[in-house]
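Only one structure is covered here, and it is reproduced in the block below.
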Amino acid sequence: MDRGLKLSLMIEKRQLVIPGDLLAEGAFNPGNNTYRDGEKIYAAKVGLANYVGKNIYVVALNGRYMPRPGDFVIGTIMEVRLSNWNVDINSPYIAVLFASEVLERSYNPRKDEMSRIFDRGDLVLAKIISHEVNRDPILTVREPGLGRVSSGQLIRITPAKTPRLIGRKGSMISIIKKASGANITVGQNGLVLINGKTLESENLAISAIRKVEEESHTQGLTDRMNDFIKKRLRSE
Amino acid sequence: MQKKNSIKLIDENDLRTDGRKINEIRPTRIELGFIDNPDGSAFLEQGKNKILAAVYGPRELHPKHLALSDRALLRCRYNMAPFSTKERKSPAPSRRETEISKVIKSALEPAIFSEKFPRTVIDLYIVILSSDGGTRCAGINAASLALAEAGIPMRDLVVACAAGKVDGQIILDLNGIEDNIGDADVPVAFMPRTNEITLLQMDGMLSREEFEKTLKLAMEGGNQIYNIQKDALKSRYQTSEKEEEE
Numbered sequence: 045m046d047r048g049l050k051l052s053l054m055i056e057k058r059q060l061v062i063p064g065d066l067l068a069e070g071a072f073n074p075g076n077n078t079y080r081d082g083e084k085i086y087a088a089k090v091g092l093a094n095y096v097g098k099n100i101y102v103v104a105l106n107g108r109y110m111p112r113p114g115d116f117v118i119g120t121i122m123e124v125r126l127s128n129w130n131v132d133i134n135s136p137y138i139a140v141l142f143a144s145e146v147l148e149r150s151y152n153p154r155k156d157e158m159s160r161i162f163d164r165g166d167l168v169l170a171k172i173i174s175h176e177v178n179r180d181p182i183l184t185v186r187e188p189g190l191g192r193v194s195s196g197q198l199i200r201i202t203p204a205k206t207p208r209l210i211g212r213k214g215s216m217i218s219i220i221k222k223a224s225g226a227n228i229t230v231g232q233n234g235l236v237l238i239n240g241k242t243l244e245s246e247n248l249a250i251s252a253i254r255k256v257e258e259e260s261h262t263q264g265l266t267d268r269m270n271d272f273i274k275k276r277l278r279s280e
Numbered sequence: 008m009q010k011k012n013s014i015k016l017i018d019e020n021d022l023r024t025d026g027r028k029i030n031e032i033r034p035t036r037i038e039l040g041f042i043d044n045p046d047g048s049a050f051l052e053q054g055k056n057k058i059l060a061a062v063y064g065p066r067e068l069h070p071k072h073l074a075l076s077d078r079a080l081l082r083c084r085y086n087m088a089p090f091s092t093k094e095r096k097s098p099a100p101s102r103r104e105t106e107i108s109k110v111i112k113s114a115l116e117p118a119i120f121s122e123k124f125p126r127t128v129i130d131l132y133i134v135i136l137s138s139d140g141g142t143r144c145a146g147i148n149a150a151s152l153a154l155a156e157a158g159i160p161m162r163d164l165v166v167a168c169a170a171g172k173v174d175g176q177i178i179l180d181l182n183g184i185e186d187n188i189g190d191a192d193v194p195v196a197f198m199p200r201t202n203e204i205t206l207l208q209m210d211g212m213l214s215r216e217e218f219e220k221t222l223k224l225a226m227e228g229g230n231q232i233y234n235i236q237k238d239a240l241k242s243r244y245q246t247s248e249k250e251e252e253e
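Heads up: the sequence lines are chains A and B, in that order.
Last residue of the first sequence: number 280 in my numbering, and the count goes up by one each step with no gaps.
Last residue of the second sequence: number 253 in my numbering, and the count goes up by one each step with no gaps.
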């Protein structure tokens, strides 16, 4: 199959596409949320189509969180078992946190009481180490900054929009952090933890995050966020 | 079943009981994100049909033994509200509803990339609030959009439309009375990009040529509905942008 001859791009950057829309033809790479059928590449989800070099992808506007190794997620302990916890990470799959991924030393079932480390309902900031086919995703908290969350407000956004909330190299989230003065941790699974010195600072952060979520697909959002925050700070 | 009756479904001016021409679909309107809880939802009106579709998933499947090891299970429940028809429809699932649930599932499955979510379930609920013929097609049209809105990866939307034979003529998008006392009704569902048919049923009797004419007409109607589906999806995500410009 000679793919080199015809190369055509059917979309403009950040164009809204729906499943089945033709994106490109020829030797391009079908990236996220796209698929190849013969010579052509089509969109698989509703979202904004884009390309970087020969990579064509669609930034989805909705969709459940699919666990990826390396992602930082905020989860809720669902079940305490003999040597592991089952964790709800806002995904179609329930994650597993083994005792060995929590304790510095090896686990002793007689000495270590599981529910005293993490109990049902506890919130944890964790990292996904693996997610193999036909197995549940596996978590770890053995990294600095990970572990039980004890304070702050937790909100949920569409997981597909977390990259927009973080922004290129963290640009968007830094604007919100600096303006509100609150500490914000964004889980890739759509859960966001906000810790501010005052309730007002947390609420400012929350309204800013909601605005990004609602307008994530539009242009010029960074400038509008700066204006939005200025107006809010002035009125306080 | 042929009934000899005196009701004329098409008059001397070639107009139907609701004033439509023989190749006209009913006015159709679709609203997305109609309900908050589901991952995706759509409300569709087609003539007097009013249909709600809601999608949850992919999510964990209980009981586990129903799970498929290599892909997501699509579970579909088509159900008519007791007040959707003039005669009260019992809330219990009827054999007709069970069959329609199954054919709708088969009509949508080929479009979904279910291999991306092994051991999970995609729950699709279609509720008929007001019924006037062609509800399985309208249900499929609403369900396609609910699935797309939920962010479930799909090869294409699925669109459906029925055509049939009434008073000796091949007509498009049969309403309730045309479906009940007409000669034949052929609902068709297909993926518009490739024209691959995913649902094809027939109620009644047609000759070979009549059938081919009916199928072609149904697919033309489907393409008109596809444009309405596309507009509904795109306008949902473009309104915020327009508001910002104003």
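Note that CB positions come from ideal geometry on N, CA and C, so glycine has one too.
How many angstroms separate the CA atom of residue i from the CA atom of residue j?
| i | j | result |
| --- | --- | --- |
| residue 100 of chain B | residue 55 of chain B | 22 angstroms |
| residue 161 of chain B | residue 118 of chain A | 28 angstroms |
| residue 261 of chain A | residue 60 of chain A | 9 angstroms |
| residue 128 of chain A | residue 129 of chain B | 28 angstroms |
| residue 245 of chain A | residue 233 of chain A | 24 angstroms |
| residue 196 of chain A | residue 122 of chain A | 20 angstroms |
| residue 237 of chain B | residue 177 of chain B | 27 angstroms |
| residue 91 of chain B | residue 41 of chain B | 19 angstroms |
| residue 193 of chain A | residue 139 of chain B | 54 angstroms |
| residue 138 of chain A | residue 61 of chain B | 23 angstroms |
| residue 237 of chain A | residue 271 of chain A | 24 angstroms |
| residue 84 of chain B | residue 145 of chain A | 42 angstroms |
| residue 198 of chain B | residue 181 of chain A | 34 angstroms |
| residue 249 of chain B | residue 43 of chain B | Model confidence at residue 249 of chain B stands at a pLDDT of 42, short of 50, so the residue's coordinates are unreliable; what they give is reported in the following sentence. Rounded to whole angstroms, residue 249 of chain B to residue 43 of chain B spans 23 angstroms at the Cα level. |
| residue 52 of chain B | residue 156 of chain B | 18 angstroms |
| residue 78 of chain B | residue 141 of chain A | 25 angstroms |
| residue 75 of chain B | residue 16 of chain B | 48 angstroms |
| residue 5 of chain B | residue 76 of chain A | Missing from the structure shown is residue 5 of chain B; chain B here goes from 8 to 253 and no further. |
| residue 83 of chain A | residue 54 of chain A | 13 angstroms |
| residue 225 of chain B | residue 144 of chain B | 11 angstroms |
| residue 278 of chain A | residue 248 of chain A | 12 angstroms |
| residue 241 of chain A | residue 229 of chain A | 15 angstroms |
Can you check whether the C-beta of residue i is within less than 7 angstroms of a C-beta belonging to chain B?
| i | result |
| --- | --- |
| residue 273 of chain A | no |
| residue 104 of chain A | yes |
| residue 111 of chain A | no |
| residue 90 of chain A | yes |
| residue 261 of chain A | yes |
I need the DSSP call for residue i, collapsed to helix, strand or coil.
| i | result |
| --- | --- |
| residue 109 of chain A | coil |
| residue 272 of chain A | helix |
| residue 156 of chain B | helix |
| residue 137 of chain A | coil |
| residue 15 of chain B | coil |
| residue 105 of chain B | helix |
| residue 216 of chain B | helix |
| residue 80 of chain A | strand |
| residue 240 of chain B | helix |
| residue 129 of chain B | strand |
| residue 116 of chain B | helix |
| residue 88 of chain A | coil |
| residue 226 of chain B | helix |
| residue 248 of chain A | helix |
What does residue i touch in chain A if you count any residue whose Cβ is under 8 angstroms from its own?
| i | result |
| --- | --- |
| residue 127 of chain B | 136, 137 |
| residue 76 of chain B | 178 |
Is it right to say residue i is buried, meaning 16 or more other beta carbons lie within 10 angstroms of its own, or is it exposed?
| i | result |
| --- | --- |
| residue 14 of chain B | exposed |
| residue 136 of chain A | buried |
| residue 126 of chain B | buried |
| residue 322 of chain A | Residue coverage of chain A in this structure runs from 45 to 280, which leaves residue 322 of chain A outside it and unanswerable. |
| residue 222 of chain A | exposed |
| residue 150 of chain A | exposed |
| residue 71 of chain A | exposed |
| residue 57 of chain A | exposed |
| residue 105 of chain B | exposed |
| residue 68 of chain B | buried |
Does any residue of chain A have a CB that is nearer than 7 angstroms to the CB of residue i?
| i | result |
| --- | --- |
| residue 240 of chain B | yes |
| residue 233 of chain B | no |
| residue 82 of chain B | no |
| residue 247 of chain B | Since pLDDT at residue 247 of chain B reaches only 44, below the 50 mark, its modelled position is unreliable, and no value is offered. |
| residue 132 of chain B | no |
| residue 63 of chain B | no |
| residue 85 of chain B | no |
For a contact defined as C-beta to C-beta under 8 angstroms, what are the partners of residue i on chain B?
| i | result |
| --- | --- |
| residue 82 of chain A | Within 8 angstroms Cβ-Cβ: nothing; residue 82 of chain A doesn't reach chain B, min ~11 angstroms. |
| residue 62 of chain A | 155, 164, 237, 240, 241 |
Going along chain A in order, which residues have a C-beta closer than 7 angstroms to the C-beta of residue i?
| i | result |
| --- | --- |
| residue 124 of chain B | 136 |
| residue 200 of chain B | 64 |
Is residue i a contact residue of the ligand MG, with contact defined as CB to any heavy atom under 6 angstroms?
| i | result |
| --- | --- |
| residue 92 of chain A | In terms of ligand content, the structure shown is empty, and the ligand MG therefore cannot be addressed. |
List the residues of chain B that residue i touches, going by C-beta distances under 9 angstroms, in chain order.
| i | result |
| --- | --- |
| residue 107 of chain A | 46, 157, 158, 159, 160 |
| residue 79 of chain A | 120, 160, 162 |
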